[in-house]
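Per this note's numbering: the sequence shown = residues 2 to 303. Here's the structure, in structure tokens; my notes come after.
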Amino acid sequence: MIRRRLRPLCGVLVVVAVVGSAACSASRVPPPDRPVFVGSSATSSAPSASVSPATAASAVAGATPTPATSVPGATPVGTRAPVVDHGPRTGDKVALTFDADMTDGMLGHLRAGRVTSYANLRILDLLERERVPATFFLTGMWVRRYPDVTRRIADNPRFELANHTYGHAAFTADCYDLPRLPVDELAGDVAKTFEVIKPYGGRQTRYFRFPGLCHDAATLDALAPLGVTVVDGDVVSGDPFAAAWKPLVRAVLDHVRPGSVVIMHVTEANAAMTDEALPHILDGLRERGLVPAPLSEVLAAA
């Protein structure tokens, strides 16, 4: 549902020695004065998605067509972006969401051979084999690094594509040591990412997730020209840098409820336990009578 109050939730654990400026969700309580809530190495040529600063700027200025209101997550342009934590607490649907982070530091580790991959194909294999719907919050840099994986996600009718900024930068102060960009660059960054994702087709949405879930009134206002819905989440797996899979299963199953939005990561090198935890999470959801569904379906009545 649309958030009406502030509450603590998990943040981002950063291990500079491993992934530089990369960050994902792990336990940390945000300051109470800020609405923060906690998204194979083979590559090939991506669809044409080169975006110039002028193109991004024109998208922000409204020179490109406004997304149809039928697109999941689309909201009236010019109003502050709404923030959603979860769907209605009725029924049996829950949303499994996977953040695909990528930063300059992470790219550097790939190029230097310090890590093998930030695309966990075992997660995709399992979701496809079990026919499980999921929503992927993609950074533009991740899409460009993994065009074949992005195409695989887009080609699956059970998967939805959403926006997680271009390079996983923060737009507020003190956001888990993430590199920071000025808030006046936020709309252009997000517009650019939508343009990078657009050529892949599939079930695209106007959902957006802030890195570290760090946002405030100024950042929500900055998104007003784009007509997006900000999605935080109410269940955090804590998968980044986890050393064992069992705590991830407990973190999800102890808190999941009808309408929940579960946050996990598909970035293999810094979320290595996610694929091991996922089968047990799916079993636990079945035991609780909960059914994974695309984010748009879980939030439909929100």
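Beta carbons are placed, not taken as given, at the ideal position from N, Cα and C, and that holds for glycine.
Exercise. Going straight from the alpha carbon of D178 to that of A223, what length do you get?
Worked result: 22 Å
For this session: Return the chain-ordered ranges of every beta strand (DSSP E) run that is complete within the segment 153 to 200 and spans a minimum of 3 residues.
Result: 160 to 164
Exercise. What's the C-alpha gap between V116 and H110?
Worked result: 6 Å
Exercise. Taking the alpha-carbon positions, what's the V299 to F138 distance?
Worked result: 16 Å
Problem set entry | In DSSP terms, what Y147 is bridged to | Note: Y147 sits in no beta bridge, so no partner.
Exercise. Which whole-angstrom value is the C-beta distance of F172 and L162, which I expect to be below 8 Å?
Worked result: Not quite, the Cβ-Cβ distance comes to about 21 Å (not below 8 Å), so this is no contact.
Exercise. Does DSSP put A135 in a helix, a strand or coil?
Worked result: strand
Exercise. Short check: CB of D235 to CB of H87, under 8 Å?
Worked result: D235 is a Cβ neighbour of H87, given a cutoff of 8 Å.
Exercise. Which residues in the same chain as E129 place their Cβ atom closer than 7 Å to its Cβ, once the five residues preceding and following it in sequence are excluded?
Worked result: Excluding residues within five positions, the ones whose Cβ falls inside 7 Å are N157.
For this session: Return the first residue and the last residue of the alpha helix (DSSP H) that T275 is part of.
Result: 275 to 288
Problem set entry | Nearest candidate by alpha-carbon position, reference D96, set V237, R153, Y147, K193 | For the sequence presented, residue 96 should be read as Ala rather than Asp. Taking only the C-alpha atoms, the option nearest A96 is V237.
Problem set entry | Status (buried if at least 16 other CB within 10 Å, exposed otherwise) for L291 | Classification for L291: buried.
For this session: Could you tell me the distance, in whole angstroms, from the CA atom of V262 to the CA atom of T166?
Result: 19 Å
Problem set entry | Inter-residue spacing [alpha-carbon to alpha-carbon] between R152 and E269 | Answer to the nearest angstrom: the Cα atoms are 18 Å apart.
Exercise. Among D240, L283, T140, G92, which has the Cα closest to the Cα of I264?
Worked result: Of D240, L283, T140, G92, the residue nearest in Cα terms is D240.
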